[in-house]
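Only one structure is covered here, and it is reproduced in the block below.
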Amino acid sequence: MDWDSFRSCLYTPAEYVRDRRDLWTSRGRGVTYAKVYSYFCARSREQQEILRTDQDIKALCASLPRFANLRAVHMRFGDGIPPPFRWFSGRVLLDGPLSFGSHLEKMATAMIVAKETGISISEFRITGFYPRVASEDPCVWDLTAEALSNVEELHVIDSPAMMEYLVPVPLPCLRRLELGSCWLSCAHLEAFVYAHASTLRFLHLEDIWLLQVQNDADGVRLSLASAKSVLQSLSRVRRSGILQELTINRRQAGHYEVHEVFDKPEGISLSMLS
3 MDWDSFRSCL YTPAEYVRDR RDLWTSRGRG VTYAKVYSYF CARSREQQEI LRTDQDIKAL
63 CASLPRFANL RAVHMRFGDG IPPPFRWFSG RVLLDGPLSF GSHLEKMATA MIVAKETGIS
123 ISEFRITGFY PRVASEDPCV WDLTAEALSN VEELHVIDSP AMMEYLVPVP LPCLRRLELG
183 SCWLSCAHLE AFVYAHASTL RFLHLEDIWL LQVQNDADGV RLSLASAKSV LQSLSRVRRS
243 GILQELTINR RQAGHYEVHE VFDKPEGISL SMLS
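Start counting the sequence shown at 3; every next residue gets the next number (this note's numbering).
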């Protein structure tokens with residue numbers, strides 16, 4: 003990215019003047035046009051070098067097998083770009099939600115390499131995965147299945163679309179699912195639970211919103227989900243006989259707002275904190 007193309011195509015001086023007061027101020031100080039260019043020029047150059055040489059996947063595949071005791075992997079998606087520059091990054095950099103699926107594939111590849119060296123990853127956590135669908139390519143599903151084949155605990159945080167994506171992915175060791183900080187599509191969660199019914203036994207929900215489909219002009223609506231409304235929405239899952247335990251919203255001293263146990267001889271045990 004050179005100076006001339008930046009000025010003429012990507013972001014003209016006139017656009018900068020328009021945005022300067024509202025969008026190019028940081029801690030009370032203005033960000034100059036030259037600084038905007040120099041920041042994104044450096045980031046773009048770094049990114050292009052990584053893409054050209056496949057540095058990211060090479061680094062992941064080389065590093066994960068070195069952690070002989072590796073048992074958990076946490077993927078947190080974030081841009082790492084300072085606030086004054088963040089809003090503009092999508093116009094200059096290739097990164098962002100559209101590339102999240104590629105990052106997921108690269109991590110899955112590295113996890114498979116680690117698995118081939120004898121490392122068994124039993125916990126996988128993904129945070130901030132925003133794309134509507136990770137991938138519809140069966141080859142990517144196979145890659146994900148191989149990477150997560152030993153995972154017993156799956157944490158899906160602020161990544162609502164992952165539920166739908168993981169329904170067809172075999173997870174033969176999965177015992178516990180935690181879904182948090184996102185909207186909840188009961189249909190997708192039910193499909194996931196039934197798809198993995200042979201092993202899934204524990205479900206925890208933390209700070210979720212209900213996705214409700216309206217028949218009026220409002221269409222789809224998000225609403226903060228109370229524990230009671232969640233229990234009502236998941237009535238079929240709760241009666242299915244699949245789960246041993248359902249918990250909702252952690253409280254102090256190891257308690258939960260809702261703690262429901264299904265495998266007691268006398269039947270379902272439900273406790274709710276007010």
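Where a beta carbon is used, it is the ideal one built from N, C-alpha and C, also for glycine.
Per-residue DSSP class, three states only, for residue i
i: His261; result: strand
i: Ser235; result: helix
i: Pro267; result: Caution is warranted here: a pLDDT of 48 is assigned to Pro267, below 50, making its placement in the model unreliable, and the coordinate value is therefore given only provisionally. Of the three classes helix, strand and coil, the one that applies to Pro267 here is coil, per DSSP.
i: Glu247; result: strand
i: Thr27; result: strand
i: Cys184; result: strand
i: Trp89; result: coil
i: Leu176; result: coil
Cβ-based neighbour list, residue i, same chain, cut-off 6 Å, excluding 5 preceding and 5 following
i: Leu236; result: none
i: Ala193; result: Val169
i: Val75; result: Ile123 and Phe126
i: His105; result: none
i: Glu247; result: Phe204 and Val263
i: Gly182; result: Ile159, Glu208 and Asp209
i: Ala70; result: none
i: Ser242; result: none
i: Val19; result: none
Assigned exposure category for residue i - 16 Cβ within 10 Å defines buried
i: Thr146; result: buried
i: Glu262; result: buried
i: Asn251; result: buried
i: Thr249; result: buried
i: Lys25; result: For the record, residue 25 in the displayed sequence is Leu; it is not Lys. Classification for Leu25: exposed.
i: His157; result: buried
i: Pro140; result: exposed
i: Ala116; result: buried
i: Ser91; result: buried
Residue i versus residue j - alpha carbon distance
i: Ile52; j: Leu205; result: 39 Å
i: Glu180; j: Pro174; result: 17 Å
i: Tyr41; j: Ala16; result: 19 Å
i: Lys108; j: Ala36; result: 35 Å
i: Tyr39; j: Leu12; result: 10 Å
i: Ser228; j: Tyr167; result: 26 Å
i: Thr119; j: Asn152; result: 14 Å
i: Ser231; j: Ala149; result: 35 Å
i: Asp144; j: Gly256; result: 37 Å
Proximity below 7 Å, CB of residue i to CB of residue j
i: Phe264; j: Leu233; result: no
i: Gly30; j: Gly80; result: no
i: Ala110; j: Cys63; result: no
i: Ile128; j: Met165; result: no
i: Pro67; j: Ser28; result: no
i: Val239; j: Val171; result: no
i: Ile121; j: Leu72; result: yes
Check: residue i C-beta below 6 Å from any heavy atom of the ligand FAD
i: Lys108; result: In terms of ligand content, the structure shown is empty, and the ligand FAD therefore cannot be addressed.
Neighbourhood of residue i by C-beta, 8 Å cutoff - its chain only, sequence neighbours within 5 removed
i: Trp89; result: Leu25
i: Lys59; result: According to the sequence provided, residue 59 is Ile. The question's Lys does not apply to it. Closer than 8 Å at the Cβ level, and outside the excluded window around Ile59, lie Lys108, Thr111 and Ala112.
i: Arg93; result: Leu12 and Tyr13
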